[in-house]
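Report on the following structure.
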Amino acid sequence: MAKIRAKARLIENFQVLSTNERAHAFIFDLPASYKGTDIGPTALEAALMSLAGCAATIYALVAKNSNVELERLEVVAEAEKPEDSPKLTSVKLRINVPGNVSDKILSALWRRTEENCPVLYIFRDSIPIEIEFKAATSLEQY
Numbered sequence: 168m169a170k171i172r173a174k175a176r177l178i179e180n181f182q183v184l185s186t187n188e189r190a191h192a193f194i195f196d197l198p199a200s201y202k203g204t205d206i207g208p209t210a211l212e213a214a215l216m217s218l219a220g221c222a223a224t225i226y227a228l229v230a231k232n233s234n235v236e237l238e239r240l241e242v243v244a245e246a247e248k249p250e251d252s253p254k255l256t257s258v259k260l261r262i263n264v265p266g267n268v269s270d271k272i273l274s275a276l277w278r279r280t281e282e283n284c285p286v287l288y289i290f291r292d293s294i295p296i297e298i299e300f301k302a303a304t305s306l307e308q309y
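Numbering (my numbering) for the sequence shown: 168 to 309.
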């Protein structure tokens with residue numbers, strides 16, 4: 168089984184640098200209204216962005232593998248979250264595909280996308296999370 172690893176380190180205030188093993192990185196932050204500096208998305212916003220990005224990537228891959236040429240593709244993810252809750256209560260994906268592709272083909276592409284989009288599974292299915300705390304003299308020991 169393949170392992171995917173991500174690391175997040177607090178830089179300052181609420182800015183967190185997140186990296187993966189392929190040397191990609193981005194910064195999470197809180198908006199100024201929550202005492203952040205707003206230099207990056209919140210983790211929740213990034214999760215929703217990941218859902219839209221995964222859906223778009225896999226949809227484009229499925230279309231290519233099905234010999235369906237897409238002129239353009241845009242996936243818009245909208246979520247609702249009550250002010251007094253950390254949880255999203257709903258998510259809506261809108262797939263915009265301009266061009267001359269029939270709704271039947273677009274729907275078939277989406278069904279295959281649903282079967283292969285790992286971030287969609289994270290949103291739809293509960294995944295057990297194991298938590299481990301370590302006291303370390305430096306972060307490099309982690």
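All residues carry an ideal CB built from backbone N, CA and C; glycine is no exception.
Since the model is a prediction, treat every value here as computed from it, not as a measurement.
Inset, instruction - Along the alpha helix (DSSP H) that carries arginine 278, what are the first and last residues, could you check? - result: Where arginine 278 is concerned, the enclosing alpha helix (DSSP H) starts and stops at 270–283.
Inset, instruction - List the endpoints of the continuous beta strand (DSSP E) containing valine 243. - result: If you look at valine 243, you'll find it in the beta strand (DSSP E) that goes 241–247.
Inset, instruction - Could you name the residues of the same chain whose beta carbon sits closer than 6 angstroms to that of alanine 213, not counting the 5 residues immediately before and after it, in chain order? - result: There are no such residues.
Inset, instruction - Starting from threonine 174, follow its DSSP beta bridges and name the residues at the other end. - result: The sequence shown places lysine at residue 174, rather than the threonine named in the question. For lysine 174, which the question treats as bridged, DSSP gives the partners Thr186.
Inset, instruction - Taking asparagine 263 as part of the beta strand (DSSP E), name the residues at either end of that continuous run. - result: That run of the beta strand (DSSP E) goes 257–263.
Legend entry - Backbone CA spacing between tyrosine 309 and alanine 190 [nearest angstrom]: Confidence at tyrosine 309 is low in this model, with a pLDDT of 45, below 50, so its placement is unreliable and the value that follows should be read with caution. If I take the Cα positions, the gap works out to 18 angstroms.
Legend entry - Rounded Cβ spacing between valine 258 and phenylalanine 290 (contact assumed at less than 8 angstroms): So it is a contact: roughly 6 angstroms between Cβ atoms.
Inset, instruction - Within its chain, find whatever has a CB closer than 6 angstroms to the CB of alanine 230; leave out the 5 residues flanking it on each side and keep chain order. - result: The answer, listed in chain order, is Leu237, Leu276.
Legend entry - For proline 265 and arginine 278, the rounded distance between their alpha carbons: Distance between the alpha carbons of arginine 278 and proline 265 is about 19 angstroms.
Inset, instruction - Find the nearest neighbour of leucine 211 within the set Ala303, Pro253, Ile171, Tyr201, judged by alpha-carbon distance. - result: Distances from the alpha-carbon of leucine 211 to those of Ala303, Pro253, Ile171, Tyr201 put Pro253 closest.
Inset, instruction - Would you decide whether leucine 177 is buried or exposed? Buried here means 16 or more other CB atoms lie within 10 Å of its CB. - result: Around the beta carbon of leucine 177, fewer than 16 other beta carbons lie within 10 angstroms, which makes this residue exposed.
Inset, instruction - Would you tell me roughly how many angstroms separate the C-alpha atoms of threonine 256 and alanine 302, rounded to the nearest one? - result: Threonine 256 and alanine 302: Cα-Cα distance of roughly 35 angstroms.
Legend entry - Distance between isoleucine 194 and isoleucine 206 (C-alpha atoms, nearest Å): C-alpha separation (whole angstroms): 7 angstroms.
Inset, instruction - Please name the residue or residues paired with alanine 192 in a DSSP beta bridge. - result: Alanine 192 is bridged by DSSP to Thr186.
Inset, instruction - Give every residue of the same chain whose Cβ lies closer than 7 angstroms to the Cβ of isoleucine 171, excluding the five residues on either side of it in the sequence, and list them in chain order. - result: Closer than 7 angstroms at the Cβ level, and outside the excluded window around isoleucine 171, lies no residue.
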